[in-house]
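Numbering (my numbering), first residue to last: 104 to 562.
Structure follows, in structure tokens:
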């Protein structure tokens, strides 16, 4: 990370117009720099956010403000900002890489604020300060909470419906923010959107096996490693989910008491669903390994598949990097730095103080989980929020081919926490970890989120 040599509150504004969801929308862009303290009260990081506020709205009190960030930990907001929901969207590859108006932006139904958490994007430490306390569950959530409510206060939007959206670790951050909001006695959001959930409560041998099996089945379906039998990916996923929740779970619970004949029968059914040989599944005592699946599914072709997106594949011989860098679907931050810098400078009038960090694995590797990643749990924060506000609206989504955060794992975590199905809208898409990387699925996700945001404004 490159430290900043100055820390002052600053807002850079500019006026624009973009064609979104079939109509032209005028808007003001705001880049806000907010000094953020560490645990000792010393300014340690300048937090940077990018807001887009529609200019033709008369009643701002009923218009939602949606705060958006990615995950990691260590990821900037640039993927959701410039590939999904901002008014400008990255298209093309290589020399043809450019930005154009984003038909799938949510600016037609809500004002948008994209946040780079501390240590990511443009939110860099101040020279001579100690930012380490912000690189953990609590410090990070506190800092992002401050960025959210400072923006609302500065823009006189405390009366507007508040919504918060996070992807991947950003879903855990969202729930940690709910905890900070309650402890700091701030106004509760009207709704939260959790994309590709990573919120705990899906770990352990039983839970991890049961929740990943439907995703492995969908991935095998995509690669035609099983007999599809005329079924769609959704139908195959649902069949695998039913099997996972019933016969497979029962077999796992019985463990060594499961007769060999029944174990063989379960292994053969698993093989028909996920494409691995029954003998291999018998040898592993019916337990599943994401890593083994990714290396084995297409091994006869000399290929391995991706984890963030199981549809991606690469020759095993070319996978000479250590995890997670060997994932053929890992593309975050590749080849976009110059485009981001030009966009900020040429269109928003904001000059980056240092190189934009789309992904900062340095803070990921030293993240303070308040214990360990394996034991971190975030759903209690959500249940406490529901206790305070039973009307809190919840939107969740997952990709069928996401092996990193399996689609059913998030549903399972919410089920185990006791979140009633009636309080949440659950959506699955034919995508990997980042739904927005498939334009067709982005279109569906955008439409579903519009419905969610309309509900917050009472429309």
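From the three backbone atoms N, C-alpha and C, an ideal C-beta is built for every residue, glycine too.
Burial state of residue i (16 or more Cβ within 10 Å)
i: residue 382; result: exposed
i: residue 541; result: buried
i: residue 356; result: exposed
i: residue 333; result: exposed
i: residue 496; result: buried
i: residue 112; result: exposed
i: residue 200; result: exposed
i: residue 221; result: buried
i: residue 320; result: buried
i: residue 546; result: exposed
i: residue 261; result: exposed
i: residue 194; result: exposed
i: residue 421; result: exposed
i: residue 521; result: exposed
i: residue 544; result: buried
i: residue 219; result: buried
i: residue 491; result: exposed
i: residue 317; result: buried
i: residue 126; result: exposed
i: residue 516; result: buried
Identity of the residue in the options nearest residue i by Cα
i: residue 413; options: 449, 537 and 494; result: 537
i: residue 232; options: 142, 296, 445 and 408; result: 142
i: residue 501; options: 495, 514, 490 and 489; result: 514
i: residue 47; options: 207, 139, 159 and 442; result: No answer is possible for residue 47: the residues shown for the chain start at 104 and end at 562.
i: residue 499; options: 277, 456, 254 and 245; result: 277
i: residue 230; options: 110, 400, 410 and 155; result: 110
i: residue 267; options: 285, 347 and 291; result: 291
i: residue 272; options: 296, 173 and 221; result: 173
i: residue 486; options: 155, 519 and 505; result: 519
i: residue 339; options: 309, 373, 214 and 395; result: 373
i: residue 408; options: 433, 198 and 524; result: 433
i: residue 493; options: 523, 364 and 227; result: 523
i: residue 139; options: 246, 117 and 211; result: 246
i: residue 256; options: 283, 135 and 237; result: 135
i: residue 250; options: 170, 213, 204 and 223; result: 170
i: residue 258; options: 510, 532, 155 and 390; result: 155
i: residue 236; options: 297, 128 and 146; result: 146
i: residue 450; options: 242, 269 and 191; result: 191
i: residue 322; options: 559, 480, 254 and 532; result: 532
Separation of residue j from residue i, as counted between CA atoms
i: residue 415; j: residue 293; result: 37 Å
i: residue 307; j: residue 176; result: 22 Å
i: residue 183; j: residue 144; result: 31 Å
i: residue 435; j: residue 181; result: Any answer about residue 435 is weak, because its pLDDT of 49 lies below 50 and its placement is not dependable; what the coordinates show is given next. Approximately 9 Å between the Cα atoms of the pair.
i: residue 403; j: residue 380; result: 12 Å
i: residue 461; j: residue 330; result: 40 Å
i: residue 313; j: residue 347; result: 5 Å
i: residue 526; j: residue 457; result: 43 Å
i: residue 188; j: residue 393; result: 31 Å
i: residue 63; j: residue 209; result: Past the boundaries of the shown model lies residue 63; the chain is included only from 104 to 562, so the question cannot be answered.
i: residue 556; j: residue 468; result: 35 Å
i: residue 217; j: residue 153; result: 5 Å
i: residue 244; j: residue 443; result: 25 Å
i: residue 309; j: residue 275; result: 22 Å
i: residue 283; j: residue 534; result: 32 Å
i: residue 148; j: residue 234; result: 6 Å
i: residue 553; j: residue 366; result: 46 Å
i: residue 400; j: residue 226; result: 40 Å
i: residue 197; j: residue 376; result: 38 Å
i: residue 549; j: residue 129; result: 19 Å
C-beta atoms of residue i and residue j nearer than 7 Å
i: residue 354; j: residue 344; result: no
i: residue 336; j: residue 324; result: yes
i: residue 529; j: residue 302; result: no
i: residue 505; j: residue 299; result: yes
i: residue 378; j: residue 328; result: yes
i: residue 252; j: residue 289; result: yes
i: residue 202; j: residue 446; result: yes
i: residue 132; j: residue 120; result: no
i: residue 263; j: residue 164; result: yes
i: residue 295; j: residue 168; result: no
i: residue 115; j: residue 440; result: no
i: residue 158; j: residue 223; result: no
i: residue 204; j: residue 122; result: yes
i: residue 239; j: residue 471; result: yes
i: residue 508; j: residue 411; result: no
i: residue 539; j: residue 285; result: no
i: residue 391; j: residue 370; result: no
Pick out the complete beta strand (DSSP E) segments inside the region 136 to 160, 3 residues or longer, and give them in chain order. You should have 146 to 157.
Contiguous beta strand (DSSP E) assignments of at least 3 residues, all confined to the region 336 to 376: Qualifying beta strand (DSSP E) stretches: none in this window.
Note down, one range per segment and in chain order, each beta strand (DSSP E) of at least 3 residues found wholly within the region 485 to 522. Listed in chain order, the complete beta strand (DSSP E) runs (minimum 3 residues) inside the region 485 to 522 are 496 to 502.
What alpha helix (DSSP H) runs, 4 residues minimum, are completely inside the region 246 to 289? Complete alpha helix (DSSP H) runs here, min 4: 272 to 286.
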